[in-house]
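Participant: Quick mapping for you: the protein sequence lines, in order, are chains A and B.
Take the working numbering: the last position of the first sequence gets the number 443, and nothing is skipped along the way.
Take the working numbering: the last position of the second sequence gets the number 443, and nothing is skipped along the way.
Using N, Cα and C, we set each Cβ at its ideal position, and we do this for glycine too.
Just so we're clear, the structure is a prediction, and the values are computed from it rather than from any experiment.
After the structure tokens below, expect a handful of questions from me.
2 protein chains.
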Amino acid sequence: MDEAPLVTMASPQIGGQVELTELANGFRIVTERMEGIASASIGVWVGVGARHETVEENGIAHFLEHMAFKGTERRSALDIAEEIERVGGWINAYTSREITAYYARMLGEDVPLAFDIIADILRHSVFDPHEIEIERGVILQEIGQTRDTPDDIIFDWLQETAFPDQPVGRPILGPPENVRRFGPGDFRAFVARHYRPCSMVLSAAGAVDHDALVRLAEAAFGDMERAAAPRAEPARFAGGERLEEKALEQAHYLLALPVPGYRDPEYITAQLVATALGGGMSSRLFQEIREKRGLCYAIHAQSSHHADSGLLTVYAGTGGEELGELAGLVADEIARAAADFTAEEIDRARAQLRAGMLMGLEAASSRAERNARTLFMHGRVVPPEETLAQIAAVSRDRARDFLAGIAKRGALVQVAYGPVAGALPREEIAARLAGGSGAGAG
Amino acid sequence: MDEAPLVTMASPQIGGQVELTELANGFRIVTERMEGIASASIGVWVGVGARHETVEENGIAHFLEHMAFKGTERRSALDIAEEIERVGGWINAYTSREITAYYARMLGEDVPLAFDIIADILRHSVFDPHEIEIERGVILQEIGQTRDTPDDIIFDWLQETAFPDQPVGRPILGPPENVRRFGPGDFRAFVARHYRPCSMVLSAAGAVDHDALVRLAEAAFGDMERAAAPRAEPARFAGGERLEEKALEQAHYLLALPVPGYRDPEYITAQLVATALGGGMSSRLFQEIREKRGLCYAIHAQSSHHADSGLLTVYAGTGGEELGELAGLVADEIARAAADFTAEEIDRARAQLRAGMLMGLEAASSRAERNARTLFMHGRVVPPEETLAQIAAVSRDRARDFLAGIAKRGALVQVAYGPVAGALPREEIAARLAGGSGAGAG
Numbered sequence: 002m003d004e005a006p007l008v009t010m011a012s013p014q015i016g017g018q019v020e021l022t023e024l025a026n027g028f029r030i031v032t033e034r035m036e037g038i039a040s041a042s043i044g045v046w047v048g049v050g051a052r053h054e055t056v057e058e059n060g061i062a063h064f065l066e067h068m069a070f071k072g073t074e075r076r077s078a079l080d081i082a083e084e085i086e087r088v089g090g091w092i093n094a095y096t097s098r099e100i101t102a103y104y105a106r107m108l109g110e111d112v113p114l115a116f117d118i119i120a121d122i123l124r125h126s127v128f129d130p131h132e133i134e135i136e137r138g139v140i141l142q143e144i145g146q147t148r149d150t151p152d153d154i155i156f157d158w159l160q161e162t163a164f165p166d167q168p169v170g171r172p173i174l175g176p177p178e179n180v181r182r183f184g185p186g187d188f189r190a191f192v193a194r195h196y197r198p199c200s201m202v203l204s205a206a207g208a209v210d211h212d213a214l215v216r217l218a219e220a221a222f223g224d225m226e227r228a229a230a231p232r233a234e235p236a237r238f239a240g241g242e243r244l245e246e247k248a249l250e251q252a253h254y255l256l257a258l259p260v261p262g263y264r265d266p267e268y269i270t271a272q273l274v275a276t277a278l279g280g281g282m283s284s285r286l287f288q289e290i291r292e293k294r295g296l297c298y299a300i301h302a303q304s305s306h307h308a309d310s311g312l313l314t315v316y317a318g319t320g321g322e323e324l325g326e327l328a329g330l331v332a333d334e335i336a337r338a339a340a341d342f343t344a345e346e347i348d349r350a351r352a353q354l355r356a357g358m359l360m361g362l363e364a365a366s367s368r369a370e371r372n373a374r375t376l377f378m379h380g381r382v383v384p385p386e387e388t389l390a391q392i393a394a395v396s397r398d399r400a401r402d403f404l405a406g407i408a409k410r411g412a413l414v415q416v417a418y419g420p421v422a423g424a425l426p427r428e429e430i431a432a433r434l435a436g437g438s439g440a441g442a443g
Numbered sequence: 002m003d004e005a006p007l008v009t010m011a012s013p014q015i016g017g018q019v020e021l022t023e024l025a026n027g028f029r030i031v032t033e034r035m036e037g038i039a040s041a042s043i044g045v046w047v048g049v050g051a052r053h054e055t056v057e058e059n060g061i062a063h064f065l066e067h068m069a070f071k072g073t074e075r076r077s078a079l080d081i082a083e084e085i086e087r088v089g090g091w092i093n094a095y096t097s098r099e100i101t102a103y104y105a106r107m108l109g110e111d112v113p114l115a116f117d118i119i120a121d122i123l124r125h126s127v128f129d130p131h132e133i134e135i136e137r138g139v140i141l142q143e144i145g146q147t148r149d150t151p152d153d154i155i156f157d158w159l160q161e162t163a164f165p166d167q168p169v170g171r172p173i174l175g176p177p178e179n180v181r182r183f184g185p186g187d188f189r190a191f192v193a194r195h196y197r198p199c200s201m202v203l204s205a206a207g208a209v210d211h212d213a214l215v216r217l218a219e220a221a222f223g224d225m226e227r228a229a230a231p232r233a234e235p236a237r238f239a240g241g242e243r244l245e246e247k248a249l250e251q252a253h254y255l256l257a258l259p260v261p262g263y264r265d266p267e268y269i270t271a272q273l274v275a276t277a278l279g280g281g282m283s284s285r286l287f288q289e290i291r292e293k294r295g296l297c298y299a300i301h302a303q304s305s306h307h308a309d310s311g312l313l314t315v316y317a318g319t320g321g322e323e324l325g326e327l328a329g330l331v332a333d334e335i336a337r338a339a340a341d342f343t344a345e346e347i348d349r350a351r352a353q354l355r356a357g358m359l360m361g362l363e364a365a366s367s368r369a370e371r372n373a374r375t376l377f378m379h380g381r382v383v384p385p386e387e388t389l390a391q392i393a394a395v396s397r398d399r400a401r402d403f404l405a406g407i408a409k410r411g412a413l414v415q416v417a418y419g420p421v422a423g424a425l426p427r428e429e430i431a432a433r434l435a436g437g438s439g440a441g442a443g
């Protein structure tokens with residue numbers, strides 16, 4: 002408990018002062034003090050998620066995150082909620098495929114209280130059987146809600162189709178049969194195996210005091226034994242398609258191509274290319290498919306990443322009769338961009354990423370999230386200046402080559418939900434991505 | 002064009018410096034300079050929306066907002082998008098029932114560019130017939146998307162059922178048959194009637210310079226003739242119910258009670274009561290219905306307002322078999338709270354509203370929105386301190402009396418979508434809201 006922290010370093014960042022301390026057992030504390038801000042954002046990020054589960058465990062990381070709010074040795078579920086809301090703050094959590102985060106927002110004077118609650122729910126949850134029974138019902142309702150939201154559920158199907166029979170492809174909520182089965186012992190075993198100090202980061206930003214948080218973290222987490230958490234199985238993109246007929250007004254469509262993960266510097270190129278393709282109103286997809294043809298209301302491209310894998314995904318919602326035309330056009334536009342992205346388009350995408358990042362950094366919550374995530378991905382806090390320099394360094398030629406490389410590989414996922422009879426065969430999408438379509442290009 | 006501005010006043014606010022200028026023709030400019038922020042948020046808020054439309058016009062305010070991005074005398078749709086995205090900014094708009102807003106986010110140095118684009122699309126849109134045809138398709142797709150999102154479409158039905166056969170009850174997107182009919186002349190006539198300088202506010206916050214914006218506004222809007230826009234028909238709550246059967250996983254449920262509008266100081270009491278009832282994890286509805294019984298994943302209460310009307314609404318999603326139990330419990334909890342809200346619950350709701358407001362004010366976009374809205378609602382910029390004092394002044398007794406008053410009136414709206422066979426009769430909900438249900442309370 003009273004061992005000295007091993008490492009403390011400070012580095013100036015745009016607008017904030019970042020400090021990082023690692024406790025003897027590997028637990029890390031990163032803070033960023035922001036001037037002129039009276040509130041704070043604080044949380045613990047844990048390097049565990051659905052991709053660390055076995056088939057039988059699928060859904061437990063998420064269920065466990067729910068159970069953290071259901072009572073500790075000192076606090077009932079109601080106490081947890083009342084204590085943070087009494088000071089006007091709030092507490093929440095999310096589970097993704099490789100990270101589970103528990104975080105709170107509050108005025109600066111209430112940071113110690115928020116820390117105490119977060120530490121308590123992470124170290125002293127009781128997994129009361131009665132509370133587990135109730136929470137099962139809540140999660141089964143959450144699964145129902147996801148299924149009722151077409152542009153939510155299709156992203157689950159996308160991940161499953163891209164990475165079939167792999168942990169990283171499984172849904173975060175898990176199947177209902179697993180949710181019905183988990184008991185106290187399952188949660189305890191999962192915590193013991195995956196909630197290790199080396200995979201935990203306390204990250205805070207805004208009106209925060211680094212040294213005070215280090216002392217609190219040492220007291221609350223310093224007694225945990227140093228041990229590594231199990232690694233996740235590497236992702237292997239397979240690709241494929243899933244077309245689900247349903248009586249909906251729109252066909253909700255996704256087309257995705259495999260791109261590198263966060264640990265590959267090329268992930269920045271993928272983000273730039275996604276922005277130029279469909280990141281704004283001036284992007285090719287928006288202009289060609291919505292503005293020139295009126296085929297959809299929503300269309301956008303995004304590049305999302307895990308440590309070792311990523312997907313460049315185009316989403317659009319359109320009518321059943323327009324689905325085939327839209328899907329073909331999306332593929333054609335990608336092929337065309339791979340051949341003739343202009344320097345101006347790439348400049349614009351760079352400006353969008355740069356300004357978007359700078360504006361995002363004005364919020365304490367974004368700072369806390371970014372610092373924690375870069376620590377997980379790169380083992381250090383990556384200063385915004387470094388990311389900005391990486392964005393600036395992607396040339397037009399690099400963007401073209403990158404897009405040509407992924408468009409011509411033949412690896413893709415196609416998902417559609419709603420009136421899907423008009424969907425194009427996957428082979429045709431692949432051919433048009435490669436610049437074919439009858440009138441082929443290179 | 003070179004008339005002097007009539008009024009300029011400055012008042013200090015929490016964290017920012019607010020300045021307000023009114024041009025000779027009634028057009029107002031409000032800015033709030035925030036220290037330590039390098040970006041800005043700027044927009045023009047216009048006091049027009051769906052409630053200013055006739056039946057035949059329903060949907061035109063929203064369609065017009067779309068057309069603003071489809072080309073001006075100087076700029077094509079692509080130019081508009083490219084110019085703002087070239088500097089990494091973005092531009093967007095929304096249409097509500099009484100306000101249409103056009104706004105942009107960008108780094109501080111690009112404020113003049115953003116202003117120029119917004120002024121251009123507001124004053125010099127061309128309503129090109131070809132672009133109108135294309136945008137019809139986009140909006141028809143948007144209508145389809147709304148219909149595919151259960152927890153979106155039910156809010157349209159709620160408003161229609163609460164205020165039937167009135168402009169304020171009609172859907173913002175309008176019916177497809179109207180969307181198919183609107184032409185250039187309709188847009189021009191609507192703009193001429195409703196886009197008047199007295200109903201327009203330029204609001205900006207962050208890294209902004211008031212005097213520079215006043216000069217720009219004078220040049221761009223100073224030539225508009227001073228004239229009042231037509232007033233909207235007052236809202237008259239009627240109430241009723243709408244139960245729509247559909248094959249969904251969940252029944253999406255809304256229960257709403259009429260509350261005062263923004264111009265009545267009691268709207269603050271309504272917001273406080275909604276927060277205590279269902280504004281967070283410690284609220285009664287969350288605790289009783291999700292935490293104790295596991296009947297839903299999402300449940301929350303909110304109080305939403307127009308100038309002269311409002312609704313205190315509870316939303317929950319649950320299974321078809323649980324719908325009746327859930328709806329009855331929501332009504333019982335409201336009745337119980339009207340009888341026995343504790344001082345601690347009201348204190349907590351006050352703290353939530355206060356801290357939520359202070360944290361919200363850290364974002365330039367929230368400041369710009371708030372200043373514009375209070376100008377519309379109250380004819381002046383209401384300082385946050387004043388709203389905070391109003392929140393602090395609502396006593397426990399006042400909250401109880403207020404809730405008892407609306408719960409016992411018998412006026413309510415009930416909407417359900419999905420497997421709705423188990424819904425309770427509206428009369429039973431009314432009786433339980435009034436404290437009955439067999440075992441009656443006061």
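What did DSSP end up calling residue 3 of chain B once you bin it into helix, strand or coil?
Facilitator: Taking the first residue of the second sequence as position 1, residue 3 of chain B is located at position 2. Residue confidence for residue 3 of chain B is low, a pLDDT of 40 falling below 50, so the modelled location carries little weight; the figure read from the coordinates is stated next. Three-state result, residue 3 of chain B: coil.
Participant: Establish whether the CB of residue 40 of chain A and some CB of chain B are separated by less than 8 Å.
Facilitator: Here the question's residue 40 of chain A lines up with position 39 in the first sequence. True, the Cβ-Cβ gap to chain B drops below 8 Å.
Participant: At 9 Å on the CB atoms, spell out the chain B contacts of residue 359 of chain A, in chain order.
Facilitator: Sequence index remark: in the first sequence, residue 359 of chain A carries index 358 (1-based). Residues of chain B passing the Cβ test: 39, 40, 89 and 108.
Participant: Starting from residue 201 of chain A and walking both ways along the alpha helix (DSSP H), at which residues does that stretch end?
Facilitator: For the purposes of this step, residue 201 of chain A is taken as the residue at position 200 of the first sequence. Run containing residue 201 of chain A: none in the alpha helix (DSSP H); it sits in the beta strand (DSSP E), 201–207.
Participant: Kindly say whether residue 150 of chain B, judged by its beta-carbon, lies nearer than 8 Å to any beta-carbon of chain A.
Facilitator: As a working mapping, residue 150 of chain B is identified with position 149 in the second sequence. Yes, contact with chain A.
Participant: Looking only at C-alpha atoms, which of A:166, A:218 and A:437 sits nearest to residue 240 of chain A?
Facilitator: To locate residue 240 of chain A, count along the first sequence from 1; it is residue 239. Out of A:166, A:218 and A:437, A:166 has the C-alpha closest to the C-alpha of residue 240 of chain A.
Participant: In its own chain, which residues sit with a C-beta less than 7 Å from the C-beta of residue 44 of chain A, not counting the 5 before and 5 after it?
Facilitator: Against the first sequence, residue 44 of chain A aligns to sequence position 43. 102, 103, 104, 105, 119, 204 and 369, listed in sequence order.
Participant: Residue ranges of each beta strand (DSSP E) run of no fewer than 3 residues wholly in the stretch 92–141 of chain B, ordered along the chain?
Facilitator: Counting only runs of 3 or more, we get 101–108.
Participant: Examine chain E for any beta-carbon lying closer than 8 Å to the beta-carbon of residue 386 of chain B, and answer yes or no.
Facilitator: Absent from the structure: chain E. Protein chains present are A and B.
Participant: Assuming residue 175 of chain A and residue 60 of chain A form a contact by the criterion Cβ under 8 Å, report the distance between their Cβ atoms to the nearest whole angstrom.
Facilitator: Counted from its first residue, the first sequence places residue 175 of chain A at position 174. Counted from its first residue, the first sequence places residue 60 of chain A at position 59. That belief holds up - the Cβ atoms of residue 175 of chain A and residue 60 of chain A are roughly 2 Å apart, short of 8 Å.
Participant: Is the stretch 327–338 of chain B touching the stretch 390–409 of chain B, taking contact as three or more C-beta pairs under 8 Å?
Facilitator: Taking 8 Å as the limit for Cβ pairs, the verdict is that the stretch 390–409 of chain B does touch the stretch 327–338 of chain B.
Participant: Which class does residue 272 of chain B belong to by DSSP, given the choice of helix, strand or coil?
Facilitator: Working through the second sequence from its first residue, we reach residue 272 of chain B at position 271. Three-state result, residue 272 of chain B: helix.
Participant: Would residue 121 of chain B be called buried (16 or more neighbouring beta carbons within 10 Å of its own) or exposed?
Facilitator: Locating residue 121 of chain B in the second sequence gives position 120, where the first residue counts as 1. Per the 10 Å Cβ criterion, buried.
Participant: Straight-line CA distance for residue 201 of chain B to residue 150 of chain B?
Facilitator: As a working mapping, residue 201 of chain B is identified with position 200 in the second sequence. As a working mapping, residue 150 of chain B is identified with position 149 in the second sequence. Rounded to whole angstroms, residue 201 of chain B to residue 150 of chain B spans 32 Å at the Cα level.
Participant: Which residue wins for smallest C-alpha separation from residue 426 of chain A, given the options A:388, A:243 and A:366?
Facilitator: As a working note, residue 426 of chain A is residue 425 in the first sequence. The candidate whose alpha carbon is nearest that of residue 426 of chain A is A:243.
Participant: Could you name the residues of the stretch 308–332 of chain B whose beta carbon sits closer than 8 Å to any beta carbon of chain A, in the order they occur along the chain?
Facilitator: 318, 319 and 320
Participant: Mind pulling the chain A residues with CB within less than 8 Å of residue 136 of chain B?
Facilitator: Stepping through the second sequence from its first residue, residue 136 of chain B is reached at position 135. By Cβ distance, chain A contributes 295.
Participant: Quick one: which chain B residues come within Cβ less than 7 Å of residue 159 of chain A?
Facilitator: Start at 1 with the first residue of the first sequence, and residue 159 of chain A comes out as number 158. Chain B residues near residue 159 of chain A: none, gap ~18 Å exceeds 7 Å.
Participant: How about residue 305 of chain B and residue 42 of chain B: are their beta carbons less than 8 Å apart?
Facilitator: As a first step, residue 305 of chain B is located in the second sequence; it is residue number 304 there, counting from the start. As a first step, residue 42 of chain B is located in the second sequence; it is residue number 41 there, counting from the start. It is not a contact, given that the beta carbons lie outside the stated cut-off.
Participant: Any heavy atom of the ligand GDP closer than 7 Å to the beta-carbon of residue 375 of chain B?
Facilitator: The model depicted lacks the ligand GDP and carries no ligand whatsoever.
Participant: Using a C-beta cutoff of 8 Å, does residue 289 of chain A count as contacting chain B?
Facilitator: Position 288 of the first sequence, counted from the start, is the residue given in the question as residue 289 of chain A. Answer no: the Cβ-Cβ gap between residue 289 of chain A and chain B never drops below 8 Å.
Participant: Would you call residue 226 of chain A buried or exposed, if buried means 16 or more other Cβ atoms sit within 10 Å of its Cβ?
Facilitator: Within the first sequence, the letter at position 225 stands for residue 226 of chain A. Its Cβ having fewer than 16 others within 10 Å, residue 226 of chain A is exposed.
Participant: Just how far apart, CA to CA, sit residue 268 of chain B and residue 39 of chain A?
Facilitator: Locating residue 268 of chain B in the second sequence gives position 267, counting from the first residue. Locating residue 39 of chain A in the first sequence gives position 38, counting from the first residue. Taking the straight line from one Cα to the other gives about 27 Å.
Participant: For the stretch 241–269 of chain B, which residues have a beta carbon sitting closer than 8 Å to at least one beta carbon of chain A?
Facilitator: Answer in chain order: 248, 249, 250, 251 and 253.
Participant: Taking residue 1 of chain B as part of the beta strand (DSSP E), name the residues at either end of that continuous run.
Facilitator: Residue 1 of chain B lies beyond the residue range present for chain B, which begins at 2 and ends at 443; the question has no answer from this structure.
Participant: Along chain B, in chain order, which residues have C-beta atoms closer than 7 Å to that of residue 283 of chain A?
Facilitator: Within the first sequence, numbered from 1, the residue matching residue 283 of chain A stands at position 282. Identification of chain B residues near residue 283 of chain A by a Cβ-Cβ cut-off of 7 Å yields 79, 82, 83 and 86, ordered along the chain.
Participant: Considering just the uninterrupted stretch of the beta strand (DSSP E) at residue 416 of chain B, what are its terminal residues?
Facilitator: The residue labelled residue 416 of chain B in the question sits at position 415 within the second sequence. Note, residue 416 of chain B: beta strand (DSSP E), 414–419.
Participant: Got a sec: is the Cβ-Cβ distance from residue 196 of chain B to anything in chain A below 8 Å?
Facilitator: Residue numbering aside, residue 196 of chain B sits at position 195 when the second sequence is read from its first letter. No, no contact with chain A.
Participant: If contacts are defined as beta-carbon pairs under 8 Å, then residue 92 of chain A and residue 100 of chain A qualify, I think. What distance do you get, rounded to the angstrom?
Facilitator: For the purposes of this step, residue 92 of chain A is taken as residue 91 along the first sequence, with counting starting at 1. For the purposes of this step, residue 100 of chain A is taken as residue 99 along the first sequence, with counting starting at 1. 17 Å between Cβ atoms; not a contact.
Participant: Just checking my contact of residue 133 of chain B with residue 184 of chain B at CB under 8 Å: how many whole Å lie between their CB atoms?
Facilitator: What you label residue 133 of chain B is simply residue 132 of the second sequence in a count that begins at 1. What you label residue 184 of chain B is simply residue 183 of the second sequence in a count that begins at 1. Contact holds; Cβ gap of about 7 Å.
Participant: With DSSP collapsed to three states, give me the class of residue 49 of chain B.
Facilitator: In the second sequence, the residue the question calls residue 49 of chain B occupies position 48. Coil.
Participant: Let me know the beta strand (DSSP E) ranges lying completely inside the stretch 222–278 of chain A, each 3 residues or longer, listed in chain order.
Facilitator: Unbroken beta strand (DSSP E) runs of no fewer than 3 residues, entirely contained in the stretch 222–278 of chain A, are found at 241–246 and 252–260, following chain order.
Participant: Whose CA, out of B:54, B:295, B:36 and B:31, lies closest to the CA of residue 46 of chain B?
Facilitator: In the second sequence, the residue the question calls residue 46 of chain B occupies position 45. The option with the nearest alpha carbon to residue 46 of chain B is B:31.
Participant: Any residues in the stretch 53–66 of chain A with a beta carbon nearer than 7 Å to a beta carbon of chain B? Which ones, in chain order?
Facilitator: Within the stretch 53–66 of chain A, no residue qualifies.
Participant: Quick one: measure Cβ to Cβ for residue 148 of chain A and residue 250 of chain B, integer angstroms, because I've assumed they're closer than 8 Å.
Facilitator: For this step, residue 148 of chain A is matched to residue 147 along the first sequence. For this step, residue 250 of chain B is matched to residue 249 along the second sequence. Taking C-beta atoms under 8 Å as the contact rule, residue 148 of chain A and residue 250 of chain B qualify, at a distance of about 5 Å.
Participant: Do you know offhand how far residue 141 of chain B's Cα is from residue 353 of chain A's?
Facilitator: Taking the first residue of the second sequence as 1, we reach residue 141 of chain B at position 140. Taking the first residue of the first sequence as 1, we reach residue 353 of chain A at position 352. Cα-Cα distance, rounded: 29 Å.
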